[in-house]
Amino acid sequence: MRSSLRFISVAAIAAIFAAVPGSAQRTTGPRERYEMDVATASGFAAMTAGGRKPGVGGMMGMMFGGGPENQVARTIELRLGSTQPPTSPPVRADHFFPPQARLGASLPLWGPEPGQPRPREDGNEMPGNFERPKGRLLLYWGCGAKAGSGQPVVIDFARVAAGQMPPNLFTTAVPRIREVMASNSASYADWPNRKSSKAVPSDSSLLGAHRVTGNVGPEINFTLAQDYMPALNASTAMQGDGSVMIRWNALQPATGYVAWAFGGMDRGGGNADMVWWTSSASQQFGGGLWDWLPPATVARLVTQKIVMPPTQTSCQIPAEVKKASGEMMFGNLNAFGPEASFAYPPKPAGSAVWNIDWTAKVRFRSHTMLMIGADFGGMGGMASEGSAPAEKPKKKKCKGPLGIPLPDAAC
5 MRSSLRFISV AAIAAIFAAV PGSAQRTTGP RERYEMDVAT ASGFAAMTAG
55 GRKPGVGGMM GMMFGGGPEN QVARTIELRL GSTQPPTSPP VRADHFFPPQ
105 ARLGASLPLW GPEPGQPRPR EDGNEMPGNF ERPKGRLLLY WGCGAKAGSG
155 QPVVIDFARV AAGQMPPNLF TTAVPRIREV MASNSASYAD WPNRKSSKAV
205 PSDSSLLGAH RVTGNVGPEI NFTLAQDYMP ALNASTAMQG DGSVMIRWNA
255 LQPATGYVAW AFGGMDRGGG NADMVWWTSS ASQQFGGGLW DWLPPATVAR
305 LVTQKIVMPP TQTSCQIPAE VKKASGEMMF GNLNAFGPEA SFAYPPKPAG
355 SAVWNIDWTA KVRFRSHTML MIGADFGGMG GMASEGSAPA EKPKKKKCKG
405 PLGIPLPDAA C
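Heads up: take any position in the sequence shown, counting from 1, add 4, and you land on this note's numbering.
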């Protein structure tokens, strides 16, 4: 399932810079590459904040943490890759923010600790208490009152070999793009890490000058004119035909939107059906749809109707999805945002060789949680209009999609 497009090498980056129409300019480098991922999370999605690296498994495990309806959190992920070894091991760097970021003197990036297993870089890591799923997974897609032809696609977990992920579960058309990773860097460091993690203050601002210094290459300097994206505010409402309408506020910086939802919770440990729906007009799940994507990639996906356009502010979950899911569904709405790219030294005029010392990229997105048919006693999350009343909490444990245990409050 791993797409070759997910991993962009240093050579590929150099090729991108070299591909200037009508130019024969050659490039070298960069010696260092820096990537900064910035997110705004609202509602229950804010529970993924606090220095945790968001992934599919981590998100599922945290989404029932509670909080006020208007809760907004901000997250930052930093990654530094270099072609050079550290001047003195281990790999170490510091990101110095403008004072208005309210992140202290700096955020320390550290390289992987010797002997420690490296985290998966495809974003599909599962929690330690993950159990092999039972029953079936029903896949639906597309906005509308009724599900399209050929749906659902049914995956019977009993027919899947032990330890394998179900086939066709994640998209192969939408890569998860990470240009800076441990696997494609001679030296690598990131934040948050085992030695340092902290919550980003709610009044933090990224506008202004940024500086990154480390022991694997030259100093990186850039100035940001783009701040955190605004928060997404979404509501869900049951329709008379049994479908569910999702509505949200338009975000001016957004380049496109994608929504997904899970349902059919296994509350008794049996072989219940689990349901997974996405707003894509075709069968596309996971991959970069859970993550950050470049504006050019999003624009292409909008034309393919995989991502909703930035002018769209509503989407209907088909009635068949809600019926198969039962009383409660949960999911996410993701707003892809802009990017800011930097390189040093500046590109020379004419055909002179461009010897690139470093590149830096800052990516933005905003996301929020979808809670449909659940009542958490005012703990916050998504506003739900006209949804069916939820059952009272039960003492027995229950499980969510893919067999991941959920807290008692969700049962």
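We treat Cβ as the ideally placed atom computed from N, Cα and C, and that holds for glycine.
The beta carbon of H371 sits closer than 7 Å to the beta carbons of A43, A45, A49, L236, N336, L337, N338, A339 from its chain, once the five residues preceding and following it are set aside; these are given in chain order. Non-local beta-carbon contacts of A254 in its own chain, meaning distances under 8 Å to residues more than five positions away in sequence, involve P314, T315, T317 in chain order. Less than 9 Å divides the Cβ of S284 from the Cβ of V262. Setting aside the 5 residues that flank it on each side, R30 is surrounded in the same chain by V357, each with a C-beta closer than 6 Å to its C-beta; the list follows chain order. Taking a contact as a CB-CB distance under 8 Å, the pair Y38 and P116 does not count as one, their CB atoms being some 17 Å apart. Per DSSP, the beta bridge partners of T282 are W145, W264. Residue state for T317 is assigned as coil, using DSSP reduced to three classes. For R140, DSSP records a beta bridge to D160, D277. Using a 10 angstroms sphere on the CB of A97, the tally of other CB atoms reaches 16 or more, which defines it as buried. Here the C-alpha atom of V216 lies approximately 15 Å from the C-alpha atom of P196.
Taking each of K365, P89, Q155 in turn and checking the Cα distance to E324, the smallest one comes out for Q155. Boundaries of the beta strand (DSSP E) around K365: 362 to 376. DSSP, reduced to helix, strand and coil, places A328 within a helical segment of the structure shown. Residue ranges of uninterrupted beta strand (DSSP E) with 3 or more members, entirely inside the segment 165 to 253 and ordered along the chain, are 191 to 195, 212 to 218, 224 to 228, 238 to 242, 248 to 252. Scanning A265, T32, W296 for the CA closest to the CA of G377 turns up A265. Inclusion of S208 and R106 in the CB contact set at 9 Å is warranted, their separation being smaller than that value.
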